[in-house]
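Going by the numbering used here, the first residue of the sequence shown is number -2, and it counts up by one from there. Glycine residues also receive a C-beta, built at the ideal position from the N, C-alpha and C atoms.
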Amino acid sequence: MNKQAKIYVAGHRGMVGSAIVRTLKGLGYVNIVTRTHAELDLTNQLQVREFFLTEKPDYVYLAAAKVGGIHANNTFPAEFIYQNLMMEANVIHEAFSFGVKKLLFLGSSCIYPKLAAQPMAEDALLTGTLEATNEPYAIAKIAGIKLCESYNRQYGASHGIDFRSVMPTNLYGPGDNYHPENSHVIPALIRRFHEAKQASSPCVTIWGTGTPRREFLFVDDMAAASVHVMNLAKEIYDGQTSPMQSHINVGYGDDVTIRELAETIGDVVGYQGNIEFDSSKPDGAPRKLMNSNRLASLGWQAKVNLKDGLVVAYNDFLVNQNILRNH
-2 MNKQAKIYVA GHRGMVGSAI VRTLKGLGYV NIVTRTHAEL DLTNQLQVRE FFLTEKPDYV
58 YLAAAKVGGI HANNTFPAEF IYQNLMMEAN VIHEAFSFGV KKLLFLGSSC IYPKLAAQPM
118 AEDALLTGTL EATNEPYAIA KIAGIKLCES YNRQYGASHG IDFRSVMPTN LYGPGDNYHP
178 ENSHVIPALI RRFHEAKQAS SPCVTIWGTG TPRREFLFVD DMAAASVHVM NLAKEIYDGQ
238 TSPMQSHINV GYGDDVTIRE LAETIGDVVG YQGNIEFDSS KPDGAPRKLM NSNRLASLGW
298 QAKVNLKDGL VVAYNDFLVN QNILRNH
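Next comes the structure, spelled out in structure tokens:
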């Protein structure tokens, strides 16, 4: 991408979008376009059309999404599928309509079947049943990949477009959502351990058995990978993908059990009590590790290890909660 090119980052207030903006600015990109939800409702086709007509960006990072953990996905399935489908359809179509040549769609590892072989490679897509607790969200993200592929197949040659997709593993870091019920596992645990520490609670109880394994990627690593993939020459990207399997996994390359994660977060927060697990609550998928060999062959590897990333995430939580850390 030319450093002067106009780049639209959809979802710039979210954890991933804000990291992409940080990364782009750090690399010297100076013409970044953003809109808040109040300024532009991406589920509204007319508003999206008017935005692209007015701004005519050269590149688009589609990081906007409605996201949440198991509880949120179970509670609001209609919102998760509807809002994500509408945002993707509107942004991808209007990007095409108004001459955007290159777009990067950000998906999620939940697109893969619940019992996919581990680590999950890109060719596992659509080979089995999805995890029930977040199926609506996963369906929407799969649709986003297929939208990009379909526009490439129909208009790539005639209009010179190049729409790409990256599928990150579980992300965490600055800008995360620490809602007590609707957040993902790392921010939820950071909040719970911090509150338990403040209240001198003797025990923290966590949903599930603690045995499922999860992979976690620091969000600034994800942003760096996104820019790396966007900047790849078309022949290089095409050489690692196919027209109907064009997405690329972005992972850390290793996973931990939920128990190990909880113990590490407890250590980072400084919680001294016990950790217990409620096996009557759902575990979700038994394992979710991405096969990121394709991305590695394209010259990118994650840099931030889990412990170091959690320290940054906890400090971000303290700042955002206006809490002064006691030393």
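Taking 7 Å as the limit between beta carbons, can you name the residues of its chain near residue 1, skipping five residues before and five after?
Taken in chain order, the residues that qualify are 27 and 28.
Grab the span of the alpha helix (DSSP H) containing residue 221 for me, first residue to last.
Looking at the DSSP string, the run of the alpha helix (DSSP H) that includes residue 221 is 216 to 228.
Please classify residue 266 as buried or exposed, where buried requires at least 16 neighbouring CB atoms within 10 angstroms.
Answer is buried; the Cβ neighbour count reaches 16.
Enumerate in chain order the residues of its own chain whose CB-to-CB distance from residue 237 is below 8 Å, with the five nearest sequence positions on each side excluded.
Cβ neighbours of residue 237 beyond the five flanking positions: 245, 291, 294 and 295.
Could you tell me the alpha carbon to alpha carbon distance between residue 72 and residue 18, rounded to whole angstroms?
Looking at the two C-alpha atoms, the distance is approximately 31 Å.
Cα-Cα, which of 243, 83, 223 and 269 is closest to residue 232?
Answer by Cα proximity: 243.
Under 8 Å, with one C-beta from each stretch per pair, do the segment 40 to 59 and the segment 146 to 157 reach the 3-pair mark?
No, the segment 40 to 59 does not touch the segment 146 to 157.
If you drop the 5 nearest sequence neighbours on each side, which residues of the same chain put their C-beta closer than 8 Å to that of residue 275?
Excluding positions up to five away in sequence, the list reads 202, 203, 204 and 205.
Mind listing, in chain order, the continuous alpha helix (DSSP H) runs of no fewer than 4 residues lying wholly within the segment 231 to 292?
The segment 231 to 292 contains these whole alpha helix (DSSP H) runs: 231 to 237 and 255 to 266.
Counting along the chain, where does the beta strand (DSSP E) carrying residue 78 start and finish?
That residue, residue 78, is in no beta strand (DSSP E); its alpha helix (DSSP H) goes 74 to 94.
Taking one C-beta from the segment 46 to 65 and one from the segment 109 to 120 each time, how about it: are there three or more such pairs within less than 8 Å?
No: the two stretches stay apart, fewer than three of their Cβ pairs being nearer than 8 Å.
Out of curiosity, what's the CA-to-CA distance linking residue 51 and residue 147?
Whole-angstrom Cα-Cα distance: 25 Å.
Looking only at C-alpha atoms, which of 53, 74, 105 and 213 sits nearest to residue 92?
The option with the nearest alpha carbon to residue 92 is 53.
Taking the alpha carbon of residue 209 as the point to measure from, which residue in 281, -2, 302 and 5 has its own alpha carbon closest?
The candidate whose alpha carbon is nearest that of residue 209 is 281.
Within the chosen definition, does the segment 129 to 147 reach the segment 81 to 88 through at least 3 CB pairs nearer than 8 Å?
Because the criterion of three Cβ pairs below 8 Å is met, the segment 129 to 147 and the segment 81 to 88 touch.
Once DSSP output is grouped into helix, strand and coil, what is the label at residue 133?
In this structure, residue 133 counts as helix in the three-state DSSP scheme.
Residue 160 and residue 102 - do their beta-carbons sit closer together than 8 Å?
Going by C-beta atoms, residue 102 is nearer than 8 Å to residue 160.
Suppose the cutoff is 7 Å on Cβ atoms and the five residues either side in sequence are ignored; what does the same chain contact list for residue 110 look like?
So the list reads 121, 124, 125, 126 and 127, once near-sequence residues are dropped.
Only counting the same chain, and skipping five residues up and downstream in sequence, which positions put a Cβ closer than 7 Å to that of residue 228?
Around residue 228: -2.
With C-beta atoms as the reference, is residue 89 less than 8 Å away from residue 164?
Not a contact, by the Cβ cut-off of 8 Å.
Should residue 128 be listed as close to the ligand MN, given that the test is whether its C-beta is under 7 Å from any heavy atom?
In terms of ligand content, the structure shown is empty, and the ligand MN therefore cannot be addressed.
How far does the alpha helix (DSSP H) with residue 180 in it extend, from its first residue to its last?
Element bounds for residue 180: n/a, residue is neither H nor E.
What does the Cβ neighbour count give for residue 312, buried or exposed, with the cut at 16 atoms within 10 Å?
Classification of residue 312: exposed, given that the 10 Å Cβ count is below 16.
Among 283, 307, 268 and 76, which residue has its Cα nearest to the Cα of residue 197?
Minimum Cα distance to residue 197 is reached at 268.
If you reduce the DSSP assignment to three classes, tell me which class residue 10 lands in.
Of the three classes helix, strand and coil, the one that applies to residue 10 here is coil, per DSSP.
Please classify residue 130: is it buried, with 16 or more other beta-carbons within 10 angstroms of its beta-carbon, or exposed?
Classification of residue 130: buried, given that the 10 Å Cβ count is 16 or more.
Enumerate in chain order the residues of its own chain whose CB-to-CB distance from residue 221 is below 7 Å, with the five nearest sequence positions on each side excluded.
The residues are 20.
Tell me the rounded alpha-carbon separation between residue 322 and residue 186.
Confidence is the limiting factor: at residue 322 the pLDDT is only 42, short of 50, which leaves the residue's position unreliable, though a coordinate-based value still follows. Each residue's Cα considered, the two are about 17 Å apart.
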